[in-house]
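**Student:** One structure, pasted below without further comment.
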DNA sequence: TGACGACACGTGTTATAACACCTATCTTCT
DNA sequence: AGAAGATAGGTGTTATAACACGTGTCGTCA
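Dropping the structure here:
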């Protein structure tokens, strides 16, 4: 197993700056984790984005959320939340309806089938998180989270 | 500007574990940075993956690299490096030829046009890195890089 | 030597992402 | 009231990602 990013991507020259190395480290780490999560979710017919959307809708409860609200809450922004929800609706995990007094809004809600799927996934995802990150102490995880927050704020 | 991830994605409930929060923080940060980098590169007709591939080929020099070697070095693995190189070849940034004694290998090389493009991009990318990450001290960046390395090793 | 498996690439196809554009509804201002 | 702009959502199209499979080349071993 390679021990440094430079070995991992077999780069000969050292990084030009800490900023550059940090950019690549973040991208690389996210790619590795996203791939691992994707493998787990794929077995349940979900992509990581679909799973993320379902989690958002579970958090929203019975009121549901409109399309743009879901889009804005996604970890990784997608320009086409309509068809993301189309697919979740096709597989019966989400329902949509235009019902408020403002008829522009279409509320999406997670279905019982969606809730069941998430409930089945919860322990599996928790186990995956431990497997992927459990070798770091709580203190290190906290430091990492704080540093990433600093990166995003005033990025 | 939101100050915590929880506000950023408007999540009501606190995170279930530090591992979960770290997973989401990494994914979120990578998405934000990748989006910013994509905006810069888009103006030059490149995606972040294409840019990454060009950087790899510049590092390889005149010897070039074969497809699978490029694929393995990419920050974010793609299952179809052939067509990634197809596109770079179409735009004249890369050439390919089958020439070694082992006729299975197809060597890809960056062209002078590719080198010129990268040379034009170098200062722009460096400036972007500073803009995105320059507000963190060198010590914090080093800590972040090290922690991300720990995440990937024995992940 | 020739059959077999491994390897390096490429191709075909489907699903999704990305982008521009369009429709319907609402708000506001004259 | 009615026009203009903003907002929410959908559609059409192209590009790319993702996956399975096919082709040619090489090494190996009976």
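Chains as they are written, first to last, in our numbering: chain A, 26 to 180; chain B, 26 to 180. Using N, Cα and C, we set each Cβ at its ideal position, and we do this for glycine too.
What span of residues does the alpha helix (DSSP H) with residue 162 of chain B cover, start to end?
**Tutor:** Per DSSP, residue 162 of chain B belongs to no alpha helix (DSSP H) and is neither H nor E.
**Student:** Mind checking which residues open and close the alpha helix (DSSP H) that includes residue 35 of chain B?
**Tutor:** Element bounds for residue 35 of chain B: n/a, residue is neither H nor E.
**Student:** Could you check if residue 147 of chain B is buried or exposed, using at least 16 other CB atoms within 10 Å of its CB as the buried criterion?
**Tutor:** Burial call: exposed.
**Student:** Residue 154 of chain A versus chain B: which residues are under 7 Å apart at the beta carbon?
**Tutor:** Near residue 154 of chain A (Cβ distances below 7 Å), the residues of chain B are 42, 44, 45 and 48.
**Student:** Which word fits residue 163 of chain B, buried or exposed, when buried means at least 16 other C-beta atoms lie within 10 angstroms of its C-beta?
**Tutor:** Under this definition residue 163 of chain B is an exposed residue.
**Student:** In chain B, which residues lie with their C-beta within 8 Å of the C-beta of residue 165 of chain A?
**Tutor:** Those are 172 and 175, listed as they occur along chain B.
**Student:** Check whether the Cβ of residue 132 of chain B lies closer than 8 Å to any Cβ atom in chain A.
**Tutor:** No, residue 132 of chain B lies away from the interface with chain A (no Cβ there is under 8 Å from its Cβ).
**Student:** Let me make sure I understand the geometry here. Which of A:95, A:64 and A:70 has the alpha-carbon closest to that of residue 78 of chain A?
**Tutor:** Looking at the Cα atoms, A:95 is the closest of the given residues.
**Student:** Using the beta-carbon of each residue, which ones in chain B are nearer than 8 Å to residue 102 of chain A?
**Tutor:** Per Cβ cutoff of 8 Å: 56 and 60.
**Student:** Would you report the Cα separation of residue 127 of chain A and residue 110 of chain A, rounded to the nearest angstrom?
**Tutor:** About 20 Å.
**Student:** Tell me the DSSP secondary structure of residue 122 of chain A in three-state form.
**Tutor:** Three-state result, residue 122 of chain A: strand.
**Student:** Quick check on DSSP: helix, strand or coil for residue 134 of chain A?
**Tutor:** Here residue 134 of chain A sits in strand by DSSP.
**Student:** Residue 74 of chain B: buried (16+ other C-beta within 10 angstroms of its C-beta) or exposed?
**Tutor:** Label assigned to residue 74 of chain B: buried.
**Student:** On the three-state DSSP scale, how would you describe residue 30 of chain A?
**Tutor:** In this structure, residue 30 of chain A counts as helix in the three-state DSSP scheme.
**Student:** Taking one C-beta from the segment 151–159 of chain A and one from the segment 34–47 of chain B each time, how about it: are there three or more such pairs within less than 8 Å?
**Tutor:** Counting Cβ pairs under 8 Å, three or more are found: they touch.
**Student:** If you run the structure through DSSP and keep just helix, strand and coil, what is residue 99 of chain A?
**Tutor:** Residue 99 of chain A: coil per DSSP, three-state reduction.
**Student:** Between the C-alpha atoms of residue 60 of chain A and residue 87 of chain B, what's the straight-line distance to the nearest angstrom?
**Tutor:** Cα-Cα distance, rounded: 32 Å.
**Student:** Would you kindly work out how many angstroms separate the C-alpha atoms of residue 64 of chain B and residue 131 of chain A, rounded to a whole number?
**Tutor:** Approximately 30 Å between the Cα atoms of the pair.
**Student:** DSSP three-state call for residue 146 of chain B: helix, strand or coil?
**Tutor:** Helix at residue 146 of chain B.
**Student:** Would you report the Cα separation of residue 97 of chain A and residue 123 of chain B, rounded to the nearest angstrom?
**Tutor:** Their Cα atoms are separated by approximately 47 Å.
**Student:** Excluding the 5 residues preceding and the 5 following residue 140 of chain B in the sequence, name in chain order all residues of the same chain whose CB lies nearer than 8 Å to its CB.
**Tutor:** Counting only Cβ-Cβ distances below 8 Å, and skipping sequence neighbours, we find 83.
**Student:** Which residues of chain B have a Cβ atom closer than 9 Å to the Cβ of residue 52 of chain A, listed in chain order?
**Tutor:** Correct list: 55, 58, 59, 62, 73, 77, 100 and 101.
**Student:** To the nearest angstrom, how far is the alpha carbon of residue 134 of chain A from that of residue 50 of chain B?
**Tutor:** Distance between the alpha carbons of residue 134 of chain A and residue 50 of chain B is about 25 Å.
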